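Below is one structure; the comments refer to it alone.
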Amino acid sequence: MLPLHVPPSYPGGPGRGLMASVSSSSGGRGGGGSGGSMRGSLGSMSSLHDVGAPRTEDSATMRKVTALGLVVGVSSFVILVVFAVLSARMLNMEAAVSNTPGVPSVMGGGGVPSAAGAAAAKPGYGGVTPIELVPFGDSRVEKFMAKSNCSLNFFLAWTTSAAKFSLRYRRTIESTLKFHPDACLIIYSPTMTLDHFQAFWDLGYNIIVERPDVPYLIRGTPAEAWYAGIDKWKEGQYFFSHITEIIRLATLWKYGGVYLDTDVVVMQELYNLKNAVGTELSDERGEAKVLNGAVLAFEKGSKFIHEAMVEFNTTYRIDSWGWNGPQLVTRVASRFPQGEDLQILPTIGFYPIHWAKVRKYFTDEDPADQHAVWERMKRETYLFHYWNKITVKLTPSSGSLMYKVLNNFASSATILGLTDDAVWVCHCKLEEWREVGRGG
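Numbering-wise, the sequence shown is residues 1057 to 1496 according to this note's numbering.
Structural data, given as structure tokens:
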């Protein structure tokens, strides 16, 4: 169950109506009636004393006993009221969670509407409630995209620990939203909480975490046959990479859009990309030798993606990371004609710096070359894949190309219109990046 939080300033938090009615009854007819009855009893006792019925000592004792009874009675009443209020609040919270099973929404913390979240909701939603906006079930992603009326769909996958999704990986989210503020971002993850990106949503961006329902995604695709052996495949050391691969292929074939790995920084709009994959390594003539599936932009029902799933199923190797990844798209593209159904971008498009050379561009070595590469990237690069497996422990120096990329495209809080106290947006301080590097 997601944690629930009600900002103190929100006037419509859970239980408020109940609290008002309880307060009214304790201080209105109910409370006044009880107090009047007790005062009447004390008055009767006083009149009995006046006529000398009981002795003075007995009268004093009776007053003490009656006063003690009054204290006990009032205390019991207060305890009952508090218990009733707390119980009602718990019931309200449980109802909120059961009605919104972890659905990220215009919510403060995952289940209770917040004033800030409501104020930041996109006008186009027309007052649609979170439950109506993002229902739970097989069609959750489709209905989310339909309700959001997004300009472009982006898909990411995160299958390892949510704690490792640190500042450097959020660069992908921030830079994507910088150039595509009206896009839909769906992050498939079995480990993240469904409100992991709540702060983005509360600012009006269309972003959700979705549990990867692989059987549903691959239903009716060639990958269904591969999934039949899942009990065996999940024993392999590269299983998480392989399942991520099938998620990206099935998602693009089913919905269409752009798949991004989480170690990229977007540098310009991607709207004009259609059925595109990038070259990782080219020959002397600039012709593609090795492609890479870290970035894929394809239409719904793409023929190329369908063929890639056929290839994945028929040639799957449990013992190889690359065979089912970068080499997969390279093999399929080698026998697939370029044209309307497949566009192969040169290395400058997605992979302007090869993984074997990327370390240099985290340093201030050879500033003339770094400046030349930077100037070309600003003109021709769609996004920069910085090869996290190689660079995870590197800190970009202030004169490096990587430092420029981060400061120009992904590090400013102004991307999201945030203030400096928004701790989940990094300002590219070296010590922060260094801490991220140690954390993975």
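Yeah, the Cβ is synthetic: ideal placement off N, Cα and C, and Gly gets one too. Quantities reported herein were computed from a predicted structural model and do not represent experimental measurements.
Residue range of the unbroken alpha helix (DSSP H) whose run includes residue i
i: residue 1362; result: 1359-1371
i: residue 1293; result: Segment: none, residue 1293 is in no alpha helix (DSSP H) and carries neither H nor E.
i: residue 1441; result: Looking at the DSSP string, residue 1441 is not in any alpha helix (DSSP H); the run it does join, the beta strand (DSSP E), is 1439-1441.
i: residue 1404; result: 1403-1406
i: residue 1384; result: 1382-1390
Minimum C-alpha distance to residue i - residue among the options
i: residue 1447; options: 1424, 1419, 1390 and 1236; result: 1419
i: residue 1375; options: 1365, 1296 and 1421; result: 1296
i: residue 1334; options: 1236, 1352 and 1242; result: 1352
i: residue 1365; options: 1395, 1350 and 1381; result: 1381
i: residue 1247; options: 1213, 1409 and 1432; result: 1213
i: residue 1222; options: 1299, 1252 and 1267; result: 1252
i: residue 1325; options: 1392, 1208 and 1216; result: 1208
i: residue 1372; options: 1449, 1298 and 1258; result: 1298
i: residue 1331; options: 1383, 1288, 1389 and 1285; result: 1389
i: residue 1329; options: 1197, 1254, 1437 and 1200; result: 1437
i: residue 1359; options: 1344, 1339 and 1394; result: 1394
i: residue 1416; options: 1307, 1450 and 1227; result: 1450
i: residue 1462; options: 1224, 1218, 1306 and 1201; result: 1224
i: residue 1256; options: 1230, 1280, 1440 and 1273; result: 1230
i: residue 1228; options: 1442, 1453 and 1454; result: 1442
i: residue 1220; options: 1318, 1279, 1284 and 1258; result: 1318
i: residue 1414; options: 1391, 1244 and 1440; result: 1440
i: residue 1391; options: 1425, 1422 and 1363; result: 1363
i: residue 1421; options: 1433, 1412 and 1452; result: 1452
i: residue 1412; options: 1424, 1425, 1396 and 1445; result: 1445
i: residue 1277; options: 1307, 1293 and 1427; result: 1307
i: residue 1410; options: 1431, 1434 and 1345; result: 1345
i: residue 1226; options: 1316, 1291 and 1339; result: 1316
i: residue 1377; options: 1454, 1424 and 1289; result: 1289
i: residue 1434; options: 1425, 1254 and 1323; result: 1323
i: residue 1387; options: 1396, 1347 and 1275; result: 1347
Residue j beta carbon less than 8 Å from that of residue i
i: residue 1465; j: residue 1321; result: yes
i: residue 1357; j: residue 1304; result: no
i: residue 1239; j: residue 1262; result: yes
i: residue 1408; j: residue 1385; result: no
i: residue 1302; j: residue 1270; result: yes
i: residue 1300; j: residue 1370; result: no
i: residue 1368; j: residue 1279; result: yes
i: residue 1310; j: residue 1273; result: yes
i: residue 1266; j: residue 1314; result: no
i: residue 1264; j: residue 1200; result: yes
i: residue 1355; j: residue 1405; result: no
i: residue 1244; j: residue 1268; result: yes
i: residue 1281; j: residue 1249; result: no
Endpoints, beta strand (DSSP E) assigned at residue i
i: residue 1316; result: 1313-1316
i: residue 1376; result: Note, residue 1376: premise wrong, no beta strand (DSSP E); not H, not E.
i: residue 1353; result: 1344-1354
i: residue 1337; result: 1332-1338
Any 3 or more C-beta pairs closer than 8 Å across the segment 1327-1343 and the segment 1387-1400: yes
What residue ranges within the segment 1411-1461 form continuous alpha helix (DSSP H) runs of no fewer than 4 residues, ordered along the chain? 1423-1436 and 1444-1447
Check whether the segment 1449-1464 touches the segment 1235-1251, counting contact only when three or more Cβ pairs, one atom from each stretch, lie closer than 8 Å. no
Quick one: complete alpha helix (DSSP H) runs, 4+ long, within the segment 1200-1279? 1223-1235, 1254-1258 and 1270-1274
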